[in-house]
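Have a look at the structure below, then the notes.
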Amino acid sequence: MTRSVRLGTIGIVALTLAACGGGGSDSAGPVNGGSSSVSPSTIIKNAKDYDASRLNTAAKSLANAQYKGKTTDAEVDLQLVQQAFNLLFSDSVMTVPELAEQDFTDDVKSGAIKKTYACDQGGSVAYDGKVTDSLTGVIAMNYQNCWSYSNGIAISGSTAIAIESVSESAAKYSLYVDSLTWTYDGVPYTLSGVVSIDEGFNETNGNYYVDTSQHVAFTIGSEQYKLEGDFNIHDSPNETVNHAELDFYVGSKGKLAIEAEAPEYLWPYMYMGEVVVAGDKTATLLFEEGIIRYLEDTDNDGNYDVGTFLVDAYDLIGGNLADRTLVAIADMSIPPTVYAPEFYNWDTVDTTTPITVSPGYYNDNDTDYEDLSVSFRWYINGVLVEDISGDTLPAYRAVFNDLVEVSMVVSDSANTVESGRISIVLSDAPAQVAFENLPESVSPGEFIEFRAIVSDPDLGDNQGVPTLVSAPSGATINEDGLISWQAPSNQLFKTQLYAFGFSTGQEGAEVVKTHVSVTNNEVQELARSGIEVPKMNNSMVVGDFDHDGDNEVLSTDSANRIFLLSYQNGSYNQTWMYPYIMADAGKVKQVLSTDFDNDDYPDILVISEHSVSVITDIDETATTLFTTDNYIHSAVLGDIDNDGDDELAYLYSSRDYGEASDIVVVDLGSPETPLFTFTAEDTYEIALGNVDSDTQLELVTNSGLVYDLGSGENQWFLNSGFSSRHIAVADINGDGIEEIVGADSWSYIYVYSAQNKSQITSVENFNTCDISAGKLTDDSNPVLLVGDCQWGNVHAMKLSNNTLTSVFSIDMVDHGSTSLTLGDADNDGLNELLWGTGTTSSGEDLLVTADVTATSATIKTTATTHQLDSFNAAGWADLYPGDERAVFFVPSTGSGYDGSKVLLMENTGNYITSEEISSNWDNSSIAVTTDYNNDGAGDLFLPTAQTYDGAFAAMRLNDFSIQYEITGDYSNDVSVIKAFDFNNDGFDDAVYVDGRTLKAVDVNNQLMLATYTMPQYFRDFDIVSMNGNVYVALSQGNDITQLLTPTTSGFSIQASADISCARLTFINADSDAASELACYNDQSQSLVIFEVNETTLTKTSDVSVNMSIVDMVANPVTATEQTLLVTSANDGDWGYYSASELSEMTVEGISIWKSPALIGPARSHSLHARKSAEGSLEVMMATSRVMYWLGRAN
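Going by the numbering used here, the final residue of the sequence shown carries number 1230, and the count climbs one at a time with no gaps.
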């Protein structure tokens, strides 16, 4: 057998016949040299008949005949040297297939071998030769399309091996080749010639040697090469020396004389040594412990004139050296090491998105980073994009199916090095739709006409008149693409988005979905939550925001809820809440107040992470004033030009945490043009105030900067900063000029005079969470308000005789403090002091209110709020006949530390809550309203778990009293509960799931009607009455949905389908009286409809909806051909700030309309719908953060 090695001076093959067998007669090779008239090819094919001399001559003749290229001296340059080095010393370019793999031991007869062997994967090789007992001899091997596993390619041609001598420690042999051909990666290869090898090992001294002589020609694709020369390896325990001396011919270039000398191995271990290449001039590669120096003697005077460095052997083997500049020897510089740029594969890109890469690693041993030039090269389908050298390829430069590649290029003063390329796969860009002549605002009932243009970004131009695939009822499109539609007159939301689906009309074309927004400010969604407190400072304001003549407290949860609180009968009630997530805004940072529309009433300014919006009328939607890709950290208002209108200053950075360094001041009427921009490094808070004697306000930062907002000039820079965290301005000494007050998070509070540019005083305060200032009473001077962190106090201080003295201190009530706010919150004509607490602990967050005088503060205990954690809608119920409430179940309160409650809401939004029902540690969350005893007073079926012991109960709602209860233990876990007349006696029964058991209970008569234990875990169930029979659809496990009917004390399985349904609901989807079953399969995000018969479930449709449905119910406005009302996740984020949508869709999965983004993730089994007395749709639902009542009669 043979082992293959790289083509070049270390030989083509190394023969080891000892393992392959031998033996037989003493016949050694031919007796004479053979006839001189025989062709060289015949000699190789019949090698056993010729001696080594004739074989040698024949093989060289074949090599010379194969090479027809240039023989004059080649013009030497770096690229030619690279090409020659790769061919001779790197097996990355060409490796000769393995030869003589067959074990012919058993086939040697009388010293001869003559047999044809089948190759592993096709073809054959014929052996014909003579072998002596001493393993010398000659064997010809004729390959016919021989395809072996080891080579992975088919080889053809004649070869022969002549073994002159062989022992356990030495061998001397030659390989002769005649037109050995193969194809690799579509490139044809041909090899002819002779390689002679003498190798041996001395076990005594450990010396090893290989002497190789070669005369071969090879063709790769269309290029020809020829190699004549010797290579020697001498390896001793103390030293290894490699030496090569040869003539190398490149067909299109000419002859190169090459000499290589290395004390160590060649590539990739060649760290020392040199390779000299001579043609029309001489070039040398000097290997210097990794770095490679390329030198040229351009005038052949024996001295090198120009050169360059190569980073390493990888650069030599695979680098793009075409633009490598040669410089004078004295000016040579080590080139940079450059790795390919990085592209994160979770970034989905297509035609419409810019493609941005991150720099790869780069370094230069003799050039500083700041002196290196970094750029990028973009390639589309292998062609360099000439005009782009940055890290971003703009949108629309490449399209789907294009090959996009990018490399990084680093240059120093002498070298330009391009890294390898990375490939980027573009996704298929979704088709796009644009409207023409669509009004900016569409009103309910309005008739509109507009055009739609559908295009595929990957194809470029307009794709023609679109086809209207789906649309709201009544919408039509003509042959010119003109769409006519009368918007509905009734809707659930102020802003409702109606779905249109378009296609290019081509077979299999993508359906493009878009929405037309209809706005009706007459619609008043009722949204309420528990009373939350800000997590950030400067986020509460007292004012008359609803124009009723009384003050409210404007506040936020510093996430996504914005609301008003009214003080009524000794406590706060939430009287208004903005129902939507602020669009494209990120989480809410602050709420501020200014008279934006100059109507003498305060308006709501919402500062979000990425936008600023204004609400001028709480009955209308917010207007976005501006957006930014940066993160807004905080903002303050002030009239900087004394025109009666506030300007806004905001602090921002490129990240959402830590300090910031950029400040912008804008006119709210034209925020696109900043009035001022400032840089203030390491800033956490800013303030506006008049801290000097002029009439202009100043901008003050906690980092120690004061800017005049008339001129924009810096008036003071205190290098140490005014504080490490907080800043406020106020005239706390009554001299008519405001002081600067700074507070560290830990340690001290400082007071400064900007007039004198000096510190007035300081006072130690252990841990400060907030500072602000204001008048406690109308006739008193402003005081400094300080809120401690941890378990501390709220302090009022004044500056007397340049010393901060206490006015009062009052207990914070809980852990930490936020948003210290003064105002007449209870409308008694006197100020109160409000703050949030509990926000820095895992416990309950509270709003605390204190009555204040000029010298004291007293907490209004009854006004301290309590936290409701999350909500589930249970349905509507009358407390007494005609006295209806929307009922919500609150699974936990007090930030998870307290148990469940029941909440009753009037249609005005006022609500009351029960006392704690149970500890509910198992987080049971689903309840349902009923009047189970038909007494006209509404009831509630609900879970009443104590710690982890599951239980079920029936509660009378008008006094929150438990009328009936089924207790349990740790193994009980009540989940979905429904109210349904199971036994057809005219009274609602409770049908609910307890662990894996479905139970039906006659609550009125306190009887267990039926049970069914599921073999797998529970998913969902629904119940319906058809043709006088009760049917239960039950889904469990990963692939079971069953149709059950009641028996005497249990259930009978009537039908089963191999599908798992996360949600089930019966719906009358067609025109007959029977119900169908709708199933949402969350594994495939598909909507499946089943026709229900007495003993069968027949699937009639299965469509992808591409949304995460949380809850769904039939739209009750019609009794037949019903649609589905669906709550779903607005995005993939189910975290604290996530959003939901309510939508209507057909049973074919076609969207009809959807809501704006609603606040918080939707809750399962928390969607209820009914047909109102006016015949319109009415809905109540809940997310984890908000309760909604939609379509109610005002």
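Yeah, the Cβ is synthetic: ideal placement off N, Cα and C, and Gly gets one too.
Quick caveat: nothing in here was measured; it's all calculated off a predicted structure.
Measure the alpha-carbon distance for residue i versus residue j and round it to whole angstroms.
| i | j | result |
| --- | --- | --- |
| residue 1034 | residue 903 | 34 Å |
| residue 965 | residue 912 | 6 Å |
| residue 59 | residue 147 | For residue 59, the pLDDT reaches just 33, beneath the cut-off of 50, and the residue's location in the model is therefore unreliable, although a value from the coordinates is still provided. Rounded to the nearest angstrom, the two C-alpha atoms are 6 Å apart. |
| residue 477 | residue 444 | 48 Å |
| residue 597 | residue 385 | 33 Å |
| residue 387 | residue 506 | 26 Å |
| residue 51 | residue 209 | Note that residue 51 scores a pLDDT of 33, beneath 50, so its modelled location is shaky and nothing firm can be said. |
| residue 1074 | residue 1146 | 17 Å |
| residue 277 | residue 265 | 17 Å |
| residue 308 | residue 297 | 9 Å |
| residue 346 | residue 403 | 15 Å |
| residue 339 | residue 153 | 58 Å |
| residue 602 | residue 929 | 21 Å |
| residue 853 | residue 805 | 6 Å |
| residue 317 | residue 111 | 7 Å |
| residue 49 | residue 178 | Only weak support exists for where residue 49 lies, its pLDDT of 35 falling under 50; the coordinates are left without a value. |
| residue 1212 | residue 961 | 29 Å |
| residue 1228 | residue 1101 | 24 Å |
| residue 1166 | residue 645 | 19 Å |
| residue 1202 | residue 909 | 5 Å |
| residue 758 | residue 578 | 29 Å |
| residue 1195 | residue 794 | 48 Å |
| residue 826 | residue 782 | 12 Å |
Sort the options by Cα distance to residue i and report the nearest one.
| i | options | result |
| --- | --- | --- |
| residue 679 | 713, 658 and 731 | 731 |
| residue 698 | 721, 676, 707 and 683 | 721 |
| residue 711 | 718, 683, 695 and 694 | 683 |
| residue 399 | 376, 414, 1128 and 226 | 376 |
| residue 1156 | 1112, 1044, 827 and 1082 | 1112 |
| residue 992 | 968, 608, 1030 and 1006 | 968 |
| residue 1144 | 1114, 1198, 1096 and 1092 | 1198 |
| residue 800 | 793, 824, 808 and 738 | 824 |
| residue 1059 | 885, 1017 and 827 | 1017 |
| residue 395 | 454, 366 and 1139 | 454 |
| residue 287 | 1154, 295 and 262 | 262 |
Looking at chain B, is there any beta carbon in it that lies within less than 8 Å of the beta carbon of residue i?
| i | result |
| --- | --- |
| residue 120 | Reference to chain B is not applicable here, since this structure consists of a single protein chain. |
In the DSSP assignment, find the unbroken beta strand (DSSP E) run with residue i in it and report its ends.
| i | result |
| --- | --- |
| residue 78 | Per DSSP, residue 78 belongs to no beta strand (DSSP E); it is in the alpha helix (DSSP H), 76-81. |
| residue 1114 | 1112-1117 |
| residue 1061 | 1054-1062 |
| residue 1316 | Because the chain spans 37 through 1230 in this model, residue 1316 falls outside it and cannot be assessed. |
| residue 856 | 854-859 |
| residue 106 | Here residue 106 belongs to no beta strand (DSSP E), and DSSP marks it neither H nor E. |
| residue 801 | 794-811 |
| residue 329 | 327-333 |
| residue 1201 | 1198-1207 |
| residue 706 | Residue 706 -> no beta strand (DSSP E), and no H or E assigned at all. |
With residue i and residue j assumed to form a contact (beta carbons below 8 Å), what rounded beta-carbon distance in angstroms separates them?
| i | j | result |
| --- | --- | --- |
| residue 881 | residue 874 | 4 Å |
| residue 631 | residue 639 | 6 Å |
| residue 623 | residue 658 | The Cβ separation is near 15 Å, so there is no contact. |
| residue 990 | residue 1000 | 4 Å |
| residue 189 | residue 211 | Their Cβ separation, rounded to whole angstroms, is 19 Å, which puts residue 189 and residue 211 out of contact at 8 Å. |
| residue 467 | residue 490 | 6 Å |
| residue 835 | residue 888 | Incorrect: roughly 18 Å between the Cβ atoms, too far for contact. |
Can you tell me where the alpha helix (DSSP H) holding residue i begins and where it ends?
| i | result |
| --- | --- |
| residue 125 | 114-125 |
| residue 97 | 88-102 |
| residue 351 | 349-354 |
Less than 7 Å separating the Cβ of residue i from some heavy atom of the ligand HEM?
| i | result |
| --- | --- |
| residue 698 | You won't find the ligand HEM in this model; it holds no ligand whatsoever. |
Within the segment 221-291, ranges of the beta strand (DSSP E) (whole runs, at least 3 residues): Entirely contained in the segment 221-291, the beta strand (DSSP E) runs reaching 3 residues are, in chain order, 223-237, 244-256, 259-271 and 276-286.
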